[in-house]
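Quick note on my numbering: the sequence shown kicks off at 143 and runs consecutively. All C-beta atoms in this analysis are idealised placements derived from N, C-alpha and C, irrespective of residue type, glycine included. Note that the structure is predicted; figures quoted are calculated from it, not measured.
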Amino acid sequence: MFAKLRLNKAVSFLIGNFFWLVGFALFVWQIYYVSDGQRNMLLAGLSQHFMLPFVYIGTKLLVFSKAEVIRSNAVIILAYLSMLVTFSAGLLYSLIKHMGNRERREGLELEKH
Numbered sequence: 143m144f145a146k147l148r149l150n151k152a153v154s155f156l157i158g159n160f161f162w163l164v165g166f167a168l169f170v171w172q173i174y175y176v177s178d179g180q181r182n183m184l185l186a187g188l189s190q191h192f193m194l195p196f197v198y199i200g201t202k203l204l205v206f207s208k209a210e211v212i213r214s215n216a217v218i219i220l221a222y223l224s225m226l227v228t229f230s231a232g233l234l235y236s237l238i239k240h241m242g243n244r245e246r247r248e249g250l251e252l253e254k255h
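Set out below in structure tokens:
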């Protein structure tokens, strides 16, 4: 979504990942630093729902690691990390594609002269 804005690709990446960072920070804070009785269930729930599409990947990563016990918090953290890897790969692909297009345009301009 932010990649389609007419902003620098790196700025779009930072804006998009700002929400990732906020969600991840909320999750870590609510799950690891707030006691069960003091936990805000809305914040804890929203921080986990943000990355639900990546839970499958997080689960598969734990299964491949041959973990004896799969903990839900580990799945959520791996899901967040796989989301970051996916976003980073998208940025890298976009930058490489942009550089290739620029080189082709420069090559066409040289051929015209």
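Given 8 Å as the limit, is there contact between the stretch 230 to 237 and the stretch 197 to 216, that is, 3 or more CB pairs closer than that? With the cut-off at 8 Å, the stretch 230 to 237 and the stretch 197 to 216 do not touch.
Comparing C-alpha positions only, which one of 179, 222 and 188 sits nearest to residue 199? 222
What is the DSSP secondary structure of residue 173, counted as helix, strand or coil? helix
Assign residue 193 to buried or exposed, taking buried as 16 or more other Cβ atoms, counted over all protein chains shown, within 10 Å of its Cβ. buried
So, are the CB atoms of residue 204 and residue 226 less than 8 Å apart? Between residue 204 and residue 226, the C-beta spacing is not below 8 Å.
Closest to residue 189 by CA distance: which of 174, 229 and 202 is it? Checking every option, the nearest Cα to that of residue 189 belongs to 174.
The alpha helix (DSSP H) spanning residue 206 covers which residue range? The continuous alpha helix (DSSP H) containing residue 206 extends over residues 197 to 206.
Can you tell me which of 170, 171, 228 and 182 puts its alpha carbon nearest to the alpha carbon of residue 158? 228
Rounded Cβ spacing between residue 154 and residue 196 (contact assumed at less than 8 Å): At roughly 20 Å, the Cβ-Cβ gap does not stay under 8 Å, so residue 154 and residue 196 are not in contact.
Take the Cβ of residue 218 as the centre, count every other Cβ of all protein chains shown within 10 Å, and call the residue buried at 16 or more, exposed below. Flag for residue 218 reads buried.
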